[in-house]
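According to the working numbering, the residues represented by the sequence shown are 5 to 396, in order. All C-beta atoms, glycine included, are put in the ideal place defined by N, C-alpha and C. On a predicted model such as this, the values are computed, not experimentally measured, just so you know.
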Amino acid sequence: MNYNNLQNIQNALNLGVKNKKIVGASCLVFHDGKERGFWHSGFADVENKKEFSRDTIIRLYSMSKPVTSVAAMILIERGILDFTDEVSQYIPEFADLTVCKDGKIQKSSRPLLIQDLLNMTSGYTYGGNEDEGQKQTSALLSELNQSVLEKNDISTLEVAKRLAKIPVSFEPGTDYQYGLSADIMGAVIEVASGMKYSEFLKKEIFEPLGMNDTGFFVPQEKLNRLAKVYSRYDLSLFTSCNLGIQDKMNVEPAFESGGAGLVSTIDDYMKFCIMLVSKGIYNGKRILQEKTVEYLSRAKLRDNLQKCFDNKMEHWAGYSYANFMRVCVDSGKCASMAAQNNEFGWDGWLGPFMAIDLENKLAFVYFQQMTDTGFSYVSRRCKNIIYSSLLN
């Protein structure tokens with residue numbers, strides 16, 4: 005790798021701040037067994053002039069999903085879960101699954117499977133107005149947001165049970181739609197493991213990796229390190245709840261969202277990524293088996309479902325999707341520089357981004373806290389810089 009070229013990441017971060025695309029961000033690169041650079045620019049808290057730094061804690065939102073994927077794989081490795089298990093085996097309410105079809109609500113012709121959750125082919129969405137299922141999902145999310153501010157009394161399992169009563173937007177396994185599947189998976193993991201979801205993650209992933217700043221809320225003594233959230237549209241402070249996730253992150257939540265609930269630091273999340281790029285092991289502690297990580301880098305949607313993904317996720321051209329993550333299948337079609345194939349990872353609503361590349365022994369993590377961004381202006385530039393720095 006041309007490590008001198010990596011220094012352009014600083015320019016990309018500075019440009020993002022200057023052009024008001026972000027208020028602050030950081031990026032960390034690990035390649036061929038070593039850290040190759042950390043860069044940061046701007047503020048985590050504009051009002052108090054706190055810089056974005058290595059110990060800044062951010063809300064991961066959908067970058068929680070790769071963690072939930074690994075948690076599921078741990079149970080699959082142990083024979084506790086299987087891809088073809090019916091979700092109703094763990095949460096009986098899903099036995100009566102209904103579907104929105106031809107303007108009516110009908111009984112689903114086939115059961116919801118674990119693999120449907122992992123591949124976002126369950127029919128569950130993040131809400132909307134296109135059908136009754138989306139409308140009811142929006143209502144549930146609104147209730148969750150209100151619960152966070154008041155009683156904080158709707159648990160992870162209760163959310164899944166409530167979703168089981170909501171009709172899905174299509175028959176499971178027949179279409180792709182990004183949505184609440186990972187939140188249902190968190191509840192499945194609770195039942196299958198016999199542990200609270202946060203306890204399972206702590207025991208099986210966070211403690212072995214030394215991810216001491218990662219969890220579903222921020223303890224009082226660390227709150228001064230939590231980044232503020234800013235609006236993408238006018239850079240104003242954003243303080244609302246979203247997807248049942250609190251803004252202040254200062255209370256242990258009843259709802260531990262497997263799809264969006266975690267907070268972390270860039271060093272903590274890089275430990276998770278190093279474990280993956282090292283094929284399941286970190287500092288002598290094995291989290292996943294080597295072949296499991298290789299599977300994560302190769303899994304993809306069936307051809308008919310790939311067409312659905314391509315139509316709905318045009319910005320991820322060149323990628324497929326499986327196990328709550330994108331997987332590169334044709335780098336020539338990608339809208340950013342990418343590995344020849346099998347690079348995998350995900351991003352989040354507030355703009356954090358991660359990528360794992362087994363072939364090039366590369367992992368990188370990018371952090372920011374800006375609404376409605378995902379993989380966008382600055383993270384795209386960082387990814388291009390990193391991949392253009394790789395040597396033959």
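For G248, the nearest candidate out of D49, V297, P257 (CA to CA): P257
Note down, in chain order, each residue of its chain lying with its Cβ closer than 7 Å to the Cβ of Y273, except the 5 sequence neighbours on either side. M358, V369
To the nearest angstrom, how far is it from the Cα of K108 to the Cα of A16? 50 Å
Which residues bound the alpha helix (DSSP H) around A186? 185 to 197
N315 versus Q224: straight-line alpha-carbon distance, rounded: 44 Å
Coarse secondary structure for W353, derived from DSSP in three states: coil
Can you tell which of L144, G137, D89, F98 has its C-alpha closest to the C-alpha of I118? D89
Per DSSP, the bridge partner or partners of G20: None, per the DSSP bridge assignment.
At what residues does the alpha helix (DSSP H) containing D49 begin and finish? No alpha helix (DSSP H) contains D49, which is instead part of the beta strand (DSSP E) from 38 to 49.
Mapping DSSP to helix, strand and coil, what is V233? strand
To the nearest angstrom, how far is the alpha carbon of S113 from that of R384? 41 Å
Since F276 is in the beta strand (DSSP E), which residue starts that stretch and which ends it? First-last for F276: 270 to 281, but that is the alpha helix (DSSP H), not the beta strand (DSSP E).
Proximity of N246 and S301 at Cβ, strictly below 8 Å: no
Quick check: what's the CA-CA separation for G378 versus I62? 14 Å
Evaluate S68 with the Cβ neighbour count: other Cβ atoms within 10 Å of its Cβ, from every protein chain shown; 16 or more gives buried, anything less gives exposed. buried
D351 versus V331: straight-line alpha-carbon distance, rounded: 12 Å
Could you spell out where the alpha helix (DSSP H) holding K69 opens and where it closes? 69 to 81
Can you tell me whether V33 is helix, strand or coil according to DSSP? strand
Reduced DSSP secondary structure (H/G/I, E/B, other) of F221: coil
Check this for me: beta carbons of S126 and V172, under 8 Å apart or not? yes
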